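Counting in the working numbering, the sequence shown runs from 2 upward without gaps. Input: a single structure, listed below in structure tokens.
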Amino acid sequence: MKTLIYVVVFLASFTAFSQQKVIEITNIKTGEVKYFDENQRVKIRTLDEKKIIGNLKITDSLNFTVNDQSVKIDSLKSIKLQPKALATVKTVVFVTGLAIVGASLVAASGGSDSAFLLFTIGSGVTIGAGLLEGINGNNSNNKWTFKIIDTSLKGELAKQK
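Below is the structure:
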């Protein structure tokens, strides 16, 4: 029984003192700092224009993976949060807008006077789906600097500011 307690305490202390890494981004002009933790759903673009969406996993101080694709921190062009709920809402709004536009085309071919109204509403809904993309702004490398740090340093850096 004593051994079991020692093992549980050891494992609890191991996880309590383990260091996790985060991506820290700092605004070049204002000095504002944001953090991207592991297992957050993100959308990134690399310098070679690859777009990757998935959960963030940090492997070491220079590399991380998103959707099982390894990326170097130096090749990161932009990063932003991409919650699954927002992506689902955006898709539903986009498809609804396209369906309304399609209905307007059918109404126009039948000679209906409401075709223009349907087209206008459908276009507005479809454009609204595009505007939902801008809710979480891009953090690009021309305005932000990127680096991977330990969470223990995150607390020390916050105390210094």
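Heads up, the beta-carbon is just placed ideally off N, CA and C, and yes, glycines get one too. Here the structure is a predicted model, which is why all the values come from computation and not from measurement.
Three-way DSSP call (helix, strand, coil) for residue i in this model
i	result
Leu77	strand
Leu87	helix
Ile149	strand
Lys144	coil
Ser71	strand
Leu132	helix
Leu82	strand
Ser113	coil
Gly138	coil
Local Cβ density within 10 Å of residue i, reported as buried at 16 or more and exposed below that
i	result
Val96	exposed
Glu33	exposed
Phe117	exposed
Ser79	buried
Gly98	buried
Paired residues, beta bridge with residue i - DSSP
i	result
Ile24	Phe37 and Ile149
Thr66	Lys58 and Ser71
Near the ligand NAD: residue i beta-carbon under 6 Å from a heavy atom
i	result
Thr66	With respect to small molecules bound, the structure shown includes none, and the ligand NAD cannot be examined in it.
- Counting only runs that start and end within the segment 30-61, where is the beta strand (DSSP E) found for 3 or more residues in a row? 34-37, 42-47 and 52-59
- Query: Taking contact to mean at least 3 C-beta pairs separated by less than 8 Å, is the segment 72-90 in contact with the segment 102-115?
  - Reply: no
- Message: Between the segment 120-140 and the segment 49-62, can you find at least three pairs of beta-carbon atoms closer than 8 Å?
- Response: no
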